[in-house]
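Residue numbering for the sequence shown follows the numbering used here, starting at 197 and increasing by one per position. Working notes for the structure below.
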Amino acid sequence: MRKRRYWNGAKHHYFPRRPFRRVYRRAGATGNYGSASDVVRAGLRLLEEQEAKLKALEAALKEGEESGPATKFDYNDFLAWKQAQYNAQKGQ
């Protein structure tokens, strides 16, 4: 079966090829989805979430790269600093 798409109007139809038909039939058989459109919408939501996570990761990487060169990290100094923070908060 050929893909049919109508992009000019409000309706968008997509008829997936064989491997994807199996996916939405299995998903529909679980009873969690009312139609193939519901399965496609759920997949698109997952894609949107994945793209948002990727965008956040790329932003964090860019921020890290722009923060300058790495500095020496002393674990014992870090623990002492965290302990001092905890003690100060506990004393309040």
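Here a beta-carbon is modelled for each residue, glycine too, at the ideal position from N, C-alpha and C.
Whole-angstrom distance between residue j and residue i, CA atom to CA atom
{"i": "LEU275", "j": "ALA284", "result": "14 Å"}
{"i": "GLU261", "j": "ARG218", "result": "43 Å"}
{"i": "ALA223", "j": "TYR229", "result": "7 Å"}
{"i": "GLY264", "j": "LEU253", "result": "18 Å"}
{"i": "TYR202", "j": "GLU259", "result": "A caution first: TYR202 carries a pLDDT of 43, below 50, which makes its placement in the model unreliable, though a value can still be read off. Their backbone Cα atoms lie some 41 Å apart in a straight line."}
{"i": "SER233", "j": "ALA256", "result": "35 Å"}
{"i": "LYS278", "j": "TYR271", "result": "11 Å"}
{"i": "ALA280", "j": "LYS286", "result": "10 Å"}
{"i": "ARG214", "j": "VAL235", "result": "15 Å"}
{"i": "ALA266", "j": "ALA225", "result": "52 Å"}
Endpoints, the alpha helix (DSSP H) within which residue i is located
{"i": "ASP270", "result": "Taken as a continuous stretch (DSSP letters only), ASP270 belongs to no alpha helix (DSSP H), as it is neither H nor E."}
Sequence-distant residues of its chain with Cβ nearer than 8 Å to residue i (five each side left out)
{"i": "PHE216", "result": "none"}
{"i": "ALA238", "result": "ALA223 and TYR229"}
Any C-beta of chain B under 8 Å from that of residue i
{"i": "LEU242", "result": "No chain B is present in this structure, which holds just one protein chain."}
Alpha helix (DSSP H) runs contained entirely in the segment 216-270, provided each spans 4 or more residues = 232-262
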